[in-house]
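As they're listed, the protein sequences go chains A, B and C. In terms of our numbering, the first sequence has 77 at position 89, counting the first letter as 1, and numbering is strictly consecutive. Residues are numbered in our numbering as their position in the second sequence, beginning at 1, plus a constant of 264. Residues are numbered in our numbering as their position in the third sequence, beginning at 1, plus a constant of 93. Don't be surprised by glycine CBs; every beta carbon is placed ideally from N, CA and C. Quick caveat, the model's predicted, so the values are computed rather than measured. One structure below.
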Amino acid sequence: MNIPEILFYSFTFILVGSAFGVVFHRNPVKSAMFLVLFFVGLAAMYALLGAEFMATLQVLVYVGAIMVLFLFVIMLITVRDEALLNMSSNAGRTVIITVLVLAFSLQFWVLLGGFMKAKGEHVVNGAAPYSTEVMNYTTGEKLLITGNAEVISYALFEKYLLPFELISLVLLVAVLGGILLTKHKRETLQ
Amino acid sequence: MENIFKFQDLILSAPQMILISGALLILLLQVILPGFRKLLAFYITLISLFASLYFVTFGIPGTAFYGLLSGNPEGGTAFQGNLRLNGYIQHYSFLILLALTIILFFIKRVFAEQKLELAEVYQFLLYIGAGSIFTVSANDLMTMYIGLELSSLPFFILAAWDRGRATATEAAVKYFFLSTIGIAFMLLGIALVYGGSGSTMLSEVFPVVFAEDSFSYKLLAAGWFLIIGGFLVKIAVVPFHGWVADVYDGAPSVITAAMASIVKISAVGAVFRILQFMQPDMHMILNTGIIIFAVASMVYGNMAPLNQNNLKRVFAYSSIAHAGYIITMFMFFPESFKAISLRTEASSALYFYILTYALTTILAFATIAYLENGEERGLTFDHLKGLSKKNPFAAFLLSVSALSFAGIPPLAGFFGKLFLLKVLLSAGYYYLAVVMIVTSLVGVYFYIRIVFYAYWDFEDENATSGMLPPFRGIFAWSAAIVTAVLVLGLGFYSESIFNFARVASELIQ
Amino acid sequence: MAWYQTEIFWVIVKVAVILFVILTGGAYYTLAERRWAAFFQMRLGPNRAGFWGLLQPLADGIKFILKMETFPRNADLFLFMLAPVISTVTSLMLWGAIPFTPIIELPEAAQKITGSKSFILQVSNPNAGVLYMFAVSSLAVYGILIAGWSSNNKYSLLASVRATAQMISYELSLGLSIIPIILMTGSLDLYTIIETQKNSWFLFTLPGFLAFWIFLVSIFAESNRMPFDLAEAESELIVGYHTEYGGFKFAFFMISEYMNLITLSLLAAILFLGGWTLPDFISSAISNVWLQHAAGIGLFLLKAFFFVFLFVWVRWSVPRFRYDQLMDIGWKVMLPASLVIVFIAGIYVYLK
C-alpha cells in the first residue's frame, strides 16, 4: 500500500464514520459538526484525486457558508438532545446500523473490486482527467488546457453553458420562494 | 471568429426562452413599475404561453426550428449538444404548454377568489413550463437534471402557497423532501453513468455498447436504473408513491392539477428519451421491474380509494393507478427492443393516453378547486349531495372527468386505455392486460360513486351543500368548457391523433 | 542522498521557521498593540518586564499557563476544548500558502548542501492559493461559533452569532473584492499574482484601487476589529464569545486573532501592494542579487507592517458601529459596490 491509498482508506473511514455520526448522534449541534467533518473529508478526497480547486470550493462554500447557517439555526432554536423524542429503541437502532454498515461495506467492496479490474478500461472520451483541448475563439488555435480552475471554467462556460445558466434561474426561484414563504403579510409584497 | 454562443441556439430553444423572458419581465416590471398590477403579470404570462404554443405548433419559418405541423425530420441540437429538437420533443412541449395554459386560466380565478393571487404565481408557472420543456428536450443528463430542478422547485413553493393551512405546509415539506431524495438518487445515477462511460451526453453515452461483464457496463446499468427510479418518483408509481395522497390533498387544488399533469408529462417524455438508448440485454431487468411496479400501482391505486371519503384523495390515489398504466409502455421503449413498429405504437399510445390523462386530471382538480373555494378542510362525498341542482355545471364537469378516468366508452379516457391494451396484447403481455382491465373495473366503483353523489336526489341535500359557490369567471368558464369538450371529443378523433403521434415517434432519435 | 537533502526535511525546517515567526509575531503584536494604545491615549503602557516591556509577552504566556483551568457547568466539554483549537489551527494553516520570498537561486555551495537548486520560503503552493486562503479563513468561523455555543452562556452565544453573521456577510464582499485582481492576473496563484505586479501595483490600477477600499473595510469586519467589533461590545456582551474562557484557552483565541491580523496584512500587501517585487528602476539600481532579495523582502514586511499598524490606529480612532448599521453597510453598500467593481474590472480587462 502506498501513501495515497492509505490516505484514501483513512479518509473513507472518516467520511463513513462522520456520515453515521450525522444520522445517529442525538445532539443536533454535534450532528451538524459531523456534517462539517464530512464535508472537510470530502474536500480531502477531492484533493487526493488532484482536484484541488474543487476541494477548496467545497470547503469555501459548504463548510464556510452553508454549514455555518445550519449551525446558526440549530443553535438559536436550542434543540438539546433531551428535547428530542425517543424515536426508536436501542435495539432498532442497532439493527438499522448493522444493516446499513453491511450494505455499505458490500457496495464498497463491489465497487472497489470493480475499480481494481477496471484499470485501463476504455472510456468514451478517453481523455486525461484534468486536461482538455479547447479552442481559443479570438485566434482560432487549439490549446491544451491543464490545471483545475481552467478545465472547470472551460467545462462550465463552453460545454455546460446552458445548465450553468439555468442554475441561476433555479437559484432565483429558490430565493423568491424563500422570501415569499417567510414574509408575513403577503398583500404588502406587491 | 466563432462564438460559443450562437443565435441559432436561441432559436432552437425558442419556447423555453420565451417563457423565461416572460418570467424575468414580470420580475423586472415589479421592481421598476410602481403601480404594477397582477393583471399585467397574468397577461404577460398568457402572451408568452401563447407565443411559445404558436412557435411549437407552426415553427419559425426559415430556421431550423420547425413546429408540429411543419414536418421536418432533421431537427437539430443546440448549446453544444445540450439540447435536442425533434418532432417527438415538440409533441411533448406542446402538451406541457397546453396543460399550463389551461391551468393558468383556472389559477387566475381561483387564487383571486382565495386572495392568494400574487404576480409571482405567474412567474413560477412560466419557470415550470420552461423547466419541463428543458427536461424533455435535454440531450445531456446534466441539463435534464437542472431542467427537472427548475420545474419542481416552483411546485414546492406553490404547494405551500396557502400558508394559513397546516396541510399545505405539510404537503410542501413532504413533496420537497421526497422528490429531493428522488432527484438525489437520480443525480447519483448520473454520476455512475459518467463514471461508466466518461460522458453525460445522451447521444454519446448510450450508443456505445459495453461488454456485459465489464465494469463500465455494471456502473452504467446501476446509474441507469437510479435515473429511471428518480423519474418514477416524479411519476409516482407504487414503491415511490408514499407522498402522493398527502401532497395532492394538501396543496391548493389548482396546483395539484398542475402537479399531477405537467410533472408527469415531462417525466414521461424524458424517460422515453433515456430509455431509447438502453444497452442491449438490459431491458429484461427493466421489464421485470416495470411489470412489478405497474401491477402494484394498478392494484394499490384502485383499491386504496374504495374506502376513501375525501374527493381529492380519491383522485390522488387514482393518479397512482394511472401512473401504473402509463409505465407499462416503458417496456417497449428501449431501442434494442426487437419490434420497432411496436415501439412506435407504444409511444403514440402513451402520447394519446397522457394527453387525455392530463386534460382529465386538470378538469377534475380544477373543479374541486372551485367547489372547495379554499374554505374547507377537504371536499368529501357528502359535499357533493345535490350538486347537480346547486351547481349543474360543476356537477357536469366532475362527472365528465370521473367517467373519463373510469374509461366509459365515448370519453377520451376509454380510448387511451384501449390503445394501451392494444399494445400490451399485441406484445403478448396478456396477464398484464388482464390485470389492467380487472383493476380498472374495480376503479369504476368509486368513479361512478362521484357521479352518483353529484346527481342522485338526496333527502338531506340542504344539510351540507349550501356553502358551494357558483362557478364564476370568464377565463375559468372558457377553460373549463374547452377542457370538457376536449375530454368529451378527443375520443372521436383518437385515430388521427394517434397517427399524428406516430409520426412524431418515428422521429425520436 | 543525505537526510538533510530530502524534501521533507526542508519542509519541516520551513514549517518550524514559519511557526516560530508567527507565534512570536502574534505574541509581540499584543505588546505592540498595548504600547501603541498607550501612545494614543498618552499613557506609558507596559514597560516593566524587560527593556520597553519586551519580555511582557513571555510573562503573559507564563501567567496564562499557570492559571487554574476552569470549566463552566453544563458546558459541552469536548466542543468547549475544540473551539480554541480550531481558531488557532485555522490561523496557523493560513501561513502555509504565503510566499514570503521569491524563488531564490542558491549559490553553488548551498546547492551542494541542500541538494536543491532554488529556495522559497513557502511551505506549499496550492493550485489555487487565493481560494485556499479564503477557504481556510472561512473555517475560523467555527471556532467562534462553537466557543459561543458550548460555553452555555447567553452572552457568549449572542456574541458568537453576531460575530459569525458579520463574518459571513463581509466574506462576500471580501471575496468579490479579490475578483478584479484574479481577472487582471488570470491566475489564482499567489506567486503569480505577486509577480504580475512587478512594475505596477494593483493598487494603482482603476479596478484594483476601487477594490482595495472594499478589501480594507472587509478585512476589518472579517477580523472583528474595532469599528466592527460588535462581538466584543463590552457594554452589551461582557467580552464576547470567549467570556467563559480563561488561562491558556483564552490565550489561544487571543493569539489566533492577532495572527489573523498579521495574515490579513500580509495578504493585503501581496494582493494590492506588490509583495516582494521591486520595480525595474530600483532593481536595476541594486547590482547585487542578494541585496535585491533583501530589499524586496524588507519592503514586503514593511508594507505588511503598515497594515499591522493601521489595525491599531483605526481601533483607537474610530467609534464602534451599531449592529444594524454594520449589516446595512455590509449588504447594502459593500456588496453592490463590490459587484459594480467586478463589472468595472471586467470591462477594464476586456479593453486592455
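Asked, Found
"For A/G165, would you say it is in contact with chain B, using Cβ-to-Cβ distances shorter than 8 Å as the test?", "yes"
"Kindly indicate if chain C contains any beta-carbon less than 8 Å away from that of A/E59.", "According to the sequence provided, residue 59 of chain A is Leu. The question's Glu does not apply to it. Yes - at least one Cβ of chain C is within 8 Å of the one on A/L59."
"Listing by chain order, which chain B residues have their CB less than 7 Å from the CB of A/I155?", "I410"
"Using beta carbons (cut-off 8 Å, strictly below), is C/A240 in contact with chain A?", "no"
"Got a sec, what are the start and stop residues for the beta strand (DSSP E) B/G340 sits in?", "340 to 342"
"By the 10 Å Cβ neighbour count, where 16 or more other Cβ atoms means buried, how is B/I491 classified, buried or exposed?", "buried"
"Measuring CA to CA, which of B/I447, B/K482, B/K438 is closest to B/V457?", "B/K482"
"Please list, in chain order, the chain A residues whose beta carbon lies closer than 7 Å to that of C/P219.", "E40"
"Less than 8 Å between C-beta atoms, sequence neighbours within five positions excluded: which residues of the same chain meet that for B/A363?", "A522, S525, I526, I529, A622, L623, I626"
"Is it a yes or a no for the region 251 to 269 of chain C touching the region 309 to 318 of chain C, going by three-plus beta-carbon pairs under 8 Å?", "yes"
"For the region 313 to 331 of chain C, which residues have a CB atom closer than 9 Å to at least one CB atom of chain A, in sequence order?", "none"
"Using Cβ-Cβ distances below 8 Å, what residues of the region 276 to 307 of chain C are close to chain A?", "L281"
"Which residue comes first and which comes last in the beta strand (DSSP E) that contains B/R348?", "347 to 349"
"Give every residue of the same chain whose Cβ lies closer than 7 Å to the Cβ of C/F171, excluding the five residues on either side of it in the sequence, and list them in chain order.", "none"
"For the alpha helix (DSSP H) that contains B/A740, what are its first and last residues?", "738 to 753"
"Look at B/M593 and B/V706 and say whether their C-beta atoms are less than 8 Å apart.", "no"
"Which bits of chain A does B/N346 rub up against, with CB to CB less than 9 Å?", "K147, Y148, L149, L150, P151"
"Under 9 Å between beta-carbons, which chain C residues line up against A/M63? List them in chain order, please.", "L238, G241, W242, L250, S253, V254"
"At the 8 Å Cβ level, is B/P418 part of the contact set with chain A, yes or no?", "yes"
"Cβ of B/F675 within 8 Å of Cβ of B/L682?", "Correcting the residue type first, residue 675 of chain B is Leu in the shown sequence and not Phe. No, they are not a contact pair."
"Can you give the beta carbon distance from B/T799 to B/L380, rounded, assuming they're within the 8 Å contact cut?", "One cannot answer for residue 799 of chain B here, as it falls past the ends of chain B, which runs 265 to 773."
"My assumption, with CB atoms under 8 Å, is that B/S415 sits in contact with B/I445. Please give the rounded CB distance.", "Actually they are not in contact, since the Cβ atoms of B/S415 and B/I445 sit about 17 Å apart, beyond 8 Å."
"Could you check whether A/L150 and B/N346 sit closer than 8 Å to each other, using their CB atoms as the reference points?", "yes"
"If we cut at 8 Å on Cβ distances, does A/V51 have a partner in chain C?", "yes"
"Step through the CB atoms of chain A and report whether any lies within less than 8 Å of the CB of C/L232.", "yes"
"Here's a check: name, in chain order, each residue in its chain whose Cβ is nearer than 7 Å to the Cβ of B/D510, leaving out the five neighbours to either side.", "E434, A435, K438"
"In angstroms with no decimal places, state the Cα-to-Cα distance between B/K302 and B/A383.", "5 Å"
"From the beta carbon of A/L181, is the nearest beta carbon of chain B less than 8 Å away?", "Because residue 181 of chain A is not part of the residues shown, which for chain A are -11 to 178, the question remains open."
"Got a sec? Which residues, its chain only, sit under 8 Å from C/G268 by beta carbon, not counting five neighbours each side?", "F227"
"Assign C/R334 to one of three DSSP states: helix, strand, or coil.", "With the sequence shown as reference, residue 334 of chain C is identified as Tyr, and Arg is not the correct amino acid for it. The answer is coil: DSSP assigns C/Y334 none of H, G, I, E or B."
"So the candidates are B/L317, B/N350, B/Y307, B/S316; which of them puts its Cα closest to the Cα of B/A328?", "B/N350"
"Can you check which of these residues, C/G368, C/W96, C/V411, C/E337, is closest to C/L394 by C-alpha distance?", "C/G368"
"Can the beta-carbon of B/L422 be found closer than 8 Å to that of B/G286?", "no"
"Evaluate B/G753 with the Cβ neighbour count: other Cβ atoms within 10 Å of its Cβ, from every protein chain shown; 16 or more gives buried, anything less gives exposed.", "exposed"
"Determine, using beta carbons only, whether C/A397 comes closer than 8 Å to chain A.", "no"
"Under a three-way DSSP split, which group does B/N566 fall into?", "helix"
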